[in-house]
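Asker: So that we are looking at the same thing, I have put the structure below in structure tokens.
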Amino acid sequence: MLNLYSRSAALKTVAFASLTAMLAVGSAQAMDAPKNLKELIAAAKKEGTLTAMWSSSSLAGGKGFRQIVKGMNKRYGMNLKAKFTPGPSMTRMVAKTTREVKAGQPASTDLLWNNSGGALKGGKVGILRKVDWMAYLERKPLKWDGFDPIAPGGVGMASAGSLVGIMYNTELVKAGDVPQSFEDVFKPQFKGKIATTPYVAGMREFGMPGVLGNEVMTKFTKRLSNQIGGLMRCGSTDRLTSGEFLMLVFSCGDQYVNRAKNSGSGEPLGYALMKEAVISHTRYGMVPVNSKAPNAATLAVVWLHTEEGQKWMWKNAGLDLPVYPESQMRKKLLAAKAKGAKIVMNSPQWLGAQGGYIKFRKSLEKIVKAKKKK
Amino acid sequence: MRTNSSPILIALAALPMLVILTLVTILVWISFQTGILGTSDATYTLNNYSEVFEDPIFAEAVWNTFEFSITATIVAMLIGLPIAWVTERTTMGGKSWVYVIMTLGLLIPGIYTAMGWTFLAHERIGFLNRWAVQLLGFSEAPLNIATPVGMGFVQGMSLAALGFILTAQMFRSMNPSLEEAANIHGLGFFGTLRRITLPLAMPAILAAVIYIVVIGIATFDIPAIIGLGSRVYLLSTYIFLKTNPGDEELAQHGITAALGVMMILVAILLTWWYSRVLRKGDQYGVVTGKGYRPNLINIGGWGKVAWGFIIVYLIAAKVLPLLLIGYTAFIPYLAPPSAKMFSLMTLEPILEEIDWELVLRGMENTFILVFSVPLITLIVAFAISWLIVRSRSRTRYLLEFGAFLPHALPEIILAISALLLALFFLKGIVPLYGTVTLIAIVYVITRISFATRAINSALLQIHKELEEAAHTAGISAVKTSWKILVPLLRPTLMAVWIWSAILVYRELTVAVFLIGHENITLPAVIWSYWQSGAINLAAGVTLVMTVLLIPLILLFWWFGRKSVMQSN
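Residue numbers (our numbering), protein chains in the order written: chain A, 190 to 563; chain B, 370 to 937.
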């Protein structure tokens, strides 16, 4: 391999530039950051427009984002404008943001709505602003054993959670056939008719040493790869309601089913948790370092933490954060816990402590993406 | 160049050449790099090429692309060629309507044909499969659209119109004297077809085949809509995956660029073959005097059979998919048609769920592109054509090659190269990342081949005496072009403008790779909805887009019919 510059000179340059940049960003963030909610609101007002990009199936897409900004404007007496463009999956949004940060371009999204893996990776590669979230929140979250809603270094704030399980078409999967455990998905009648996600949702978390372990889930994924008929994103519920697939093993969470029930749309969707373990999949609100409206983005996360914001999320997006008393997810988790299920609160801290998460996830992704012969 | 070649014309012709050269150079350069491009972290390597070959999905994608392109070409020619023949060489009635139907086929976005055919022939949700199982007693679904052959079939139906257009002109200008001689000597209809007509037509047919194969290799929309979710990867969707990896890792631009370089080499090879075939075509010409009237073959009642074939094609390729999209747009969630679903049909998805602010933004950008890209294309293509046709300089060969090169370069490759250029290299110089201008530049480049080909032919018909007279009178080259050539070339320029506008309107491949908040286009809005599972919303926006397309289609019909009548 031939270096563009002499290796030692380049290394020194990179090390010095990185250190300077880190110090500069860190101090700038600390110095410029509003000290309290009042200052945050004032700073957000000046930013004018809040731009967002995520999947149309997350937080009710563009319609939902406008409602969030409307709620913020009403609560904080602002006149922020909302601009939303549908984007790729959460994992791809992290990659897109990383690419933009590295290229020195402004972020496509002022607010990065992502999962624990995204918070872990984003924190590691330095694309996220460090925010003192507790200085802005209007109420304190309840304690949940082993779960800190603030991502390491303040790079993100847990804002919602949903439960990992199997989403299925209630008209095509008989009540008696609904899987209750991992083994149930291998029933012959499901062969070629079920789907999984290209980003191996669920499997990547179940495979952590603190849950079922790498070996168990690697074997499971290999078997599943031969059992599935294709890949779909968690939010593509149309592919279940249309009958293209009978079920999704596993879904990123039950929010799609909750949302369908809340809206009374009549979609034939059901959800099953696995008896082996229940994982609460946490969503984080994060602010990229190249965000054009970092204060407005921070304020949006703060609004989502109000009772109004949490209730809005449950009604329109089918998820909320289990560390608030009114949380529907909290009720579900406590019910599962009462039944003796092993509960795991997925967070970047938990993923980081497990070790080898990203490498393991990649190995599983490779398995499911390779097409198997029938 | 000639002494009276205007510097303005030379500059206009040189500008797109410079852009093409830059895009290709960037791609080749990046294909040898790894790390963060444009920074000192980037290192030179050959690993990108070796990694491509070591990836088992790549080998599968190559084979799938081969199957797909061949199937698409066979289907396109099996439909397009007979319709072209029957329209141009027989007494079948209603010919101008055939042109209307076939050109309509080209105007309909491939994205909706793909969506429609998913509902028709998908292994699990396709109606045809359901009917086959329920009514015909099949034990399992006989059709599967989510295969390279299945997707090739859908692509072929979409490209049949192109097959028609590429071969109809050849049948129209084919001299019938050899066929007539064969008839006089007692050779029957099929004998004449086999021994005279087809050999005469073969160079043009082969040229059309190569042209369609090149398109097939780079097509993105149909393979993406139908194949991605079923893990059936083609080269275009494989590149998409590499540019948009499924994890938080940075896109593997070096690998994408290496793939692009390989695709360019294949496409250049095919283009070289294409130009050879075109040149060979002249060997089959029959020298005649002016004003011959070809004898049309009287096919009598078979004309009705031919029309039946055309109508079946129209229904299968356009009407059925459109009906299914109409149905999907008005249901609250995606499910096969049933009494229950019809009772649930509502305007709510269109009125309440569609993000109209986004659609309006997409519409605004699309209209900016529809009006600007054809105009800019015409201006630069005219400059290039004028220099190619009128100049005696050897540079004109270089211009000709440069103008045809974008046809050989898959759009997806140009889009990625433009993205990387804007993202990493122009960031501090020209802020193009995420702008409509970036999309417009790539669209102009991709349309130049077609535009220059059309203008070259038209320009050759105009004798240069008029320009020489203007030159003698001291009128500048630019003014001469504007006052003399443009009015004479108006029909061709109008046709190129309308054609480019329609292609820009329906274009998805480039837009998918370059979209952001400020430059999202209508097809990209549809793609975004489709990708995130909001299929009924994607269908709703498709309907909106189709309605908006009507004025352009009417313009195209009016112009097309006028041209057919004039040529008749």
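Even glycine gets a Cβ: it sits at the ideal position worked out from N, Cα and C.
Keep in mind the model is a prediction, meaning the values are calculated, not measured.
Cβ of Gly431 of chain A less than 7 Å from any chain B Cβ?
Answerer: Here residue 431 of chain A is Ser; the residue named in the question, Gly, does not match the sequence. Yes, contact with chain B.
Asker: Nearest CA to the CA of Ala698 of chain B: which residue from B:Ala685, B:Thr442, B:Met714 and B:Ile684?
Answerer: Nearest C-alpha to Ala698 of chain B: B:Met714.
Asker: Answer yes or no: does any C-beta atom of chain B fall closer than 7 Å to that of Leu523 of chain A?
Answerer: By this cut-off, Leu523 of chain A is not an interface position.
Asker: On a Cα-Cα basis, can you pick out the residue from B:Thr861, B:Tyr874, B:Ile448 and B:Leu512 that is closest to Leu531 of chain B?
Answerer: It is B:Ile448.
Asker: According to DSSP, is His554 of chain B part of a helix, a strand, or is it coil?
Answerer: Three-state DSSP puts His554 of chain B in coil, outside helix and strand.
Asker: Three-state secondary structure (DSSP) at Asn484 of chain A?
Answerer: Helix, per DSSP.
Asker: Which residue comes first and which comes last in the alpha helix (DSSP H) that contains Ile443 of chain B?
Answerer: Where Ile443 of chain B is concerned, the enclosing alpha helix (DSSP H) stretches over Pro425 to Arg458.
Asker: Using only CA atoms, which one of B:Ser754, B:Ile781, B:His832 and B:Leu862 lies nearest to Pro385 of chain B?
Answerer: Residue B:Ser754 is the option with its Cα nearest to Pro385 of chain B.
Asker: In angstroms with no decimal places, state the Cα-to-Cα distance between Ala524 of chain A and Pro425 of chain B.
Answerer: In a straight line, the C-alpha of Ala524 of chain A is about 46 Å away from that of Pro425 of chain B.
Asker: His494 of chain A: buried (16+ other C-beta within 10 angstroms of its C-beta) or exposed?
Answerer: Label assigned to His494 of chain A: buried.
Asker: Identify the residues that DSSP records as bridge partners of His470 of chain A: which are they?
Answerer: A:Ser351, per the DSSP bridge assignment.
Asker: How many Å lie between Phe336 of chain A and Val446 of chain A at the Cα?
Answerer: The straight-line gap from Cα to Cα measures roughly 25 Å.
Asker: Find the residues of chain A that neighbour Ala903 of chain B, judging by a C-beta separation of less than 9 Å, and give them in chain order.
Answerer: Ser245, Ser246, Gly250, Pro275, Gly424, Ser425 and Asp427, listed in chain order.
Asker: Does Asn498 of chain B pass the burial test, meaning 16 or more other C-beta atoms within 10 Å, or should it be called exposed?
Answerer: By the 10 Å Cβ count, Asn498 of chain B comes out buried.
Asker: Could you give the residue range of the alpha helix (DSSP H) that holds Gly260 of chain A?
Answerer: Per DSSP, Gly260 of chain A belongs to the alpha helix (DSSP H) from Gly250 to Tyr265.
Asker: Would you verify that the beta carbon of Leu239 of chain A is, or is not, closer than 7 Å to some beta carbon of chain B?
Answerer: Not closer than 7 Å to any Cβ of chain B, the Cβ of Leu239 of chain A fails to qualify, so no.
Asker: Could you check the C-alpha separation between Gly771 of chain B and Ile389 of chain B for me, to the nearest Å?
Answerer: Straight-line Cα distance between these residues: approximately 8 Å.
Asker: Using 7 Å as the limit for Cβ to Cβ distance, is Leu727 of chain B near chain A?
Answerer: Yes, its Cβ sits closer than 7 Å to a Cβ of chain A.
Asker: Would you mind telling me which residues of chain B sit closer than 8 Å to Pro454 of chain A, beta carbon to beta carbon, in chain order?
Answerer: For the record, residue 454 of chain A in the displayed sequence is Ser; it is not Pro. Within 8 Å Cβ-Cβ: Pro701 and Tyr702.
Asker: Which residue or residues does DSSP assign as beta-bridge partners of Val650 of chain A?
Answerer: The structure shown does not extend to residue 650 of chain A, since chain A is modelled only from 190 to 563, so the question has no answer here.
Asker: Give the straight-line distance between the Cα atoms of Leu604 of chain B and Val865 of chain B, rounded to the nearest whole angstrom.
Answerer: For Leu604 of chain B and Val865 of chain B, the distance between alpha carbons rounds to 30 Å.
Asker: Taking the alpha-carbon of Arg422 of chain A as reference, which of A:Leu401, A:Gly307, A:Thr386 and A:Lys526 has the nearest alpha-carbon?
Answerer: Comparing Cα-Cα distances from Arg422 of chain A to each of A:Leu401, A:Gly307, A:Thr386 and A:Lys526, the minimum goes to A:Thr386.
Asker: Quick one, which residues of the stretch 574-603 of chain B are near chain A if we go by CB-CB under 9 Å, in chain order?
Answerer: Within the stretch 574-603 of chain B, the residues whose Cβ lies closer than 9 Å to some Cβ of chain A are Leu597, Gly598, Ser599, Arg600, Val601 and Tyr602, listed in chain order.
Asker: Can you pull out the residues from the stretch 281-304 of chain A whose beta carbon lies closer than 7 Å to at least one beta carbon of chain B?
Answerer: Taking 7 Å as the Cβ-Cβ cut-off against chain B, the residues of the stretch 281-304 of chain A that qualify are Arg281, Val283, Ala284, Thr287, Arg288, Lys291, Ala292, Gly293, Gln294 and Ser297.
Asker: Please confirm if Met392 of chain A has its CB atom under 7 Å from at least one CB of chain B.
Answerer: Chain B, which has no Cβ nearer than 7 Å to the Cβ of Met392 of chain A, makes this no.
Asker: Mind listing which residues of the stretch 785-812 of chain B have their C-beta closer than 8 Å to chain A's C-betas, in chain order?
Answerer: Hits within the stretch, in order: Leu792, Phe793, Lys796, Gly797, Tyr802 and Gly803.
Asker: Assuming Lys319 of chain A is part of the beta strand (DSSP E), what are its boundary residues?
Answerer: It is not in any beta strand (DSSP E) - Lys319 of chain A carries neither H nor E in the DSSP assignment.
Asker: Give a yes or no on whether the C-beta atoms belonging to Pro517 of chain B and Phe437 of chain B are separated by under 7 Å.
Answerer: Against a cut-off of 7 Å, the Cβ pair of Phe437 of chain B and Pro517 of chain B comes out as a contact.
Asker: Rounded to the nearest angstrom, what separates Ser760 of chain B and Ala752 of chain B at their Cα positions?
Answerer: Ser760 of chain B and Ala752 of chain B: Cα-Cα distance of roughly 11 Å.
Asker: Write down the C-beta distance between Leu317 of chain A and Gly345 of chain A rounded to the nearest angstrom, noting that I regard them as a contact closer than 8 Å.
Answerer: That belief holds up - the Cβ atoms of Leu317 of chain A and Gly345 of chain A are roughly 6 Å apart, short of 8 Å.
Asker: Should Phe740 of chain B go down as buried or exposed, given a rule of 16 or more other Cβ atoms within 10 Å for buried?
Answerer: So Phe740 of chain B ends up on the exposed side.
Asker: Output yes if chain B places a C-beta closer than 7 Å to the C-beta of Leu420 of chain A; else output no.
Answerer: Yes, Leu420 of chain A counts as interfacial toward chain B.
Asker: Is Leu528 of chain B near Ala445 of chain B, with beta carbons less than 7 Å apart?
Answerer: In contact: Leu528 of chain B and Ala445 of chain B (Cβ atoms closer than 7 Å).
Asker: I need the boundaries of the beta strand (DSSP E) containing Thr715 of chain B, first residue and last residue.
Answerer: Element bounds for Thr715 of chain B: n/a, residue is neither H nor E.
Asker: Where do the ends of the beta strand (DSSP E) carrying Gly418 of chain A lie?
Answerer: Here the beta strand (DSSP E) through Gly418 of chain A covers Ile417 to Leu420.
Asker: At what residues does the beta strand (DSSP E) containing Gly670 of chain B begin and finish?
Answerer: Segment: none, Gly670 of chain B is in no beta strand (DSSP E) and carries neither H nor E.
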